[in-house]
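Participant: Here it is: the structure, laid out below.
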Amino acid sequence: MWYCIGTVLFALVLVAVAGFNMPNRAERLATDPGLAAICDSSDTSWKNVPHLAFACSERSKALLSQHWEKTYNAEKNPGA
């Protein structure tokens, strides 16, 4: 039993450490060229694949968030 608990805790520590070394998730989604090629294609069969539909939905949210952030910053600091 202690072995299982130790293994789970070790895995959680690895995930936490790896998360600090990764760039922002939204930035990765918005700038991923492979995901852009799939999500922006005229062939929408990706919508029938659950993990691709989810990834494209998250990418769309990330792009919208970046747009609003740029718009807000432009209004807040017009000379910048």
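Here my numbering is used: the first residue of the sequence shown is -8, the next is one more, and so on. Ideal Cβ placement from N, Cα and C applies to all residues, glycine included. Since the structure is predicted, the reported quantities are computational estimates derived from the model, not experimental observations.
For asparagine 64, does the count of other Cβ atoms within 10 angstroms reach 16, so buried, or fall short, so exposed?
Facilitator: Counted from its first residue, the sequence shown places residue 64 at position 73. Asparagine 64 should be labelled exposed.
Participant: To the nearest angstrom, report how far apart glutamate 49 and tryptophan 59 are at their CA atoms.
Facilitator: For the purposes of this step, residue 49 is taken as the residue at position 58 of the sequence shown. For the purposes of this step, residue 59 is taken as the residue at position 68 of the sequence shown. Take the alpha-carbon of glutamate 49 and the one of tryptophan 59: they are about 15 Å apart.
Participant: Ordered along the chain, which non-local residues of its own chain (more than five positions away) have a Cβ less than 7 Å from that of alanine 46?
Facilitator: Residue mapping note: residue 46 aligns to position 55 of the sequence shown, counting from 1. So the qualifying residues of the chain are Leu26.
Participant: Can you find the residues in the same chain that come closer than 6 Å, C-beta to C-beta, to proline 41, ignoring five residues on each side of it along the sequence?
Facilitator: Here residue 41 is taken as the residue at index 50 of the sequence shown, counted from 1. Within its own chain, no residue has a Cβ closer than 6 Å to the Cβ of proline 41 once the five positions on either side in sequence are excluded.
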